Amino acid sequence: MRGSDAADAGAGETSDEFAAVPDAFQRLWTPHRMVYIQDGQQPHPDDCPFCIAPGLSDEKALIVARGTHAYVLLNLFPYNTGHLLVCPYRHVATYDQATPQEVAEIGELTQIAMRVLTQVSNCDGFNLGMNQGRIAGAGIAEHLHQHIVPRWALDSNFFPIIAGTKAIPRLLGDVRREIANGWPGVAGSNADR
Ligand SMILES: [Zn+2]
Numbered sequence: 001m002r003g004s005d006a007a008d009a010g011a012g013e014t015s016d017e018f019a020a021v022p023d024a025f026q027r028l029w030t031p032h033r034m035v036y037i038q039d040g041q042q043p044h045p046d047d048c049p050f051c052i053a054p055g056l057s058d059e060k061a062l063i064v065a066r067g068t069h070a071y072v073l074l075n076l077f078p079y080n081t082g083h084l085l086v087c088p089y090r091h092v093a094t095y096d097q098a099t100p101q102e103v104a105e106i107g108e109l110t111q112i113a114m115r116v117l118t119q120v121s122n123c124d125g126f127n128l129g130m131n132q133g134r135i136a137g138a139g140i141a142e143h144l145h146q147h148i149v150p151r152w153a154l155d156s157n158f159f160p161i162i163a164g165t166k167a168i169p170r171l172l173g174d175v176r177r178e179i180a181n182g183w184p185g186v187a188g189s190n191a192d193r
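For the sequence shown, UniProt numbering begins at 1 and goes up steadily by one.
Written out as structure tokens, the structure reads:
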């Protein structure tokens, strides 16, 4: 029995063991994002990563573009390579708290990000979305952020190939540079900082 138990433990969980209703949605299971949160506390603006990032260099903060009311950065813990987040500069929690100007620019930056990711990574589709509140899965519920997750029909393209290793920090820097270089209208000002 011990051998059997050990084998079971080694096999891990399988979806066959859980009741479920299948649907067409992809899941963004990202428990590793919990490292943003210590002791279950949501960050105060003074130590909120999305408030701190704009004060850092683009390279250090993995920022690919800065707007007037919102900015775009790579997710430090991507679901997919090129996983971007669009954040207002203000520390507001939910979409209904964003000003019309912030809503407009978040939308505009999302559109540009989709075009840039399509151009530089040849992705086939996207998952866009905002998790509103911790109950809805937001890792940093106190600071609004929209996810832009590129998707590929096949994994035989540029980003998955270069992401085929776990050397994430350096690769994130490379990916940031690729996206920043592809961002329009800034004459490369975001590119190599
Ligand atoms: Zn914040």
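The C-beta atom is built at its ideal place from N, Cα and C for all residues, glycine as well. Because the structure is a prediction, the values reported are computed rather than measured.
Across the set Pro54, Asp174, Ile148 and Asp46, the C-alpha of Ile148 shows the shortest separation from the C-alpha of Asn80. From the listed residues Leu73, Val103, Glu105 and Phe126, the smallest Cα separation to Met114 is found for Phe126.
Put simply, the backbone Cα of Ile52 is about 22 Å away from that of Gly107.
With a 10 Å radius around the Cβ and a threshold of 16 neighbouring Cβ atoms, Asn122 comes out exposed. In terms of side-chain proximity, the C-beta atom of Cys123 is found no nearer than 8 Å to any non-hydrogen atom of ligand 1. Counting along the chain, the unbroken alpha helix (DSSP H) around Ile112 starts and ends at Pro100 to Ser121. In this structure, the CA atom of Val72 is about 38 Å from the CA atom of Ala19. Bridge pairing for Gly125: Arg151 [DSSP].
Following the DSSP letters along the chain, one finds Val92 in no alpha helix (DSSP H), marked with neither H nor E. Around Ala153, the same chain offers Asp124 as residues with beta carbons nearer than 6 Å, after the five sequence neighbours per side are excluded.
Taking every protein chain shown into account, the CB of Leu56 has fewer than 16 other CB atoms within 10 angstroms, so this residue is exposed. For Leu144, the number of other beta carbons within 10 angstroms of its own is at least 16, and it is reported as buried. Ordered by chain, the residues meeting the criterion of a beta-carbon within less than 6 Å of a non-hydrogen atom of ligand 1 are Pro45, Cys48, Phe50, Cys51, His91 and His143. Excluding sequence positions up to five before and after Gln132, its CB lies within less than 7 Å of the CB of Thr94, Tyr95 and Ala138, all in the same chain and listed in chain order. Listed in chain order, the non-local C-beta contacts of Phe50 below 7 Å within the same chain comprise Cys87, Ile140, His143 and His145, local neighbours out to five positions each way being set aside.
Here Arg151 is actually not in contact with Leu62; their C-beta atoms are around 20 Å apart, not less than 8 Å.
The Cβ atoms of Pro100 and Leu172 lie no closer than 9 Å to each other. Bounds of any beta strand (DSSP E) do not take in Ala180; it lies within the alpha helix (DSSP H) bounded by Ile168 to Gly182.
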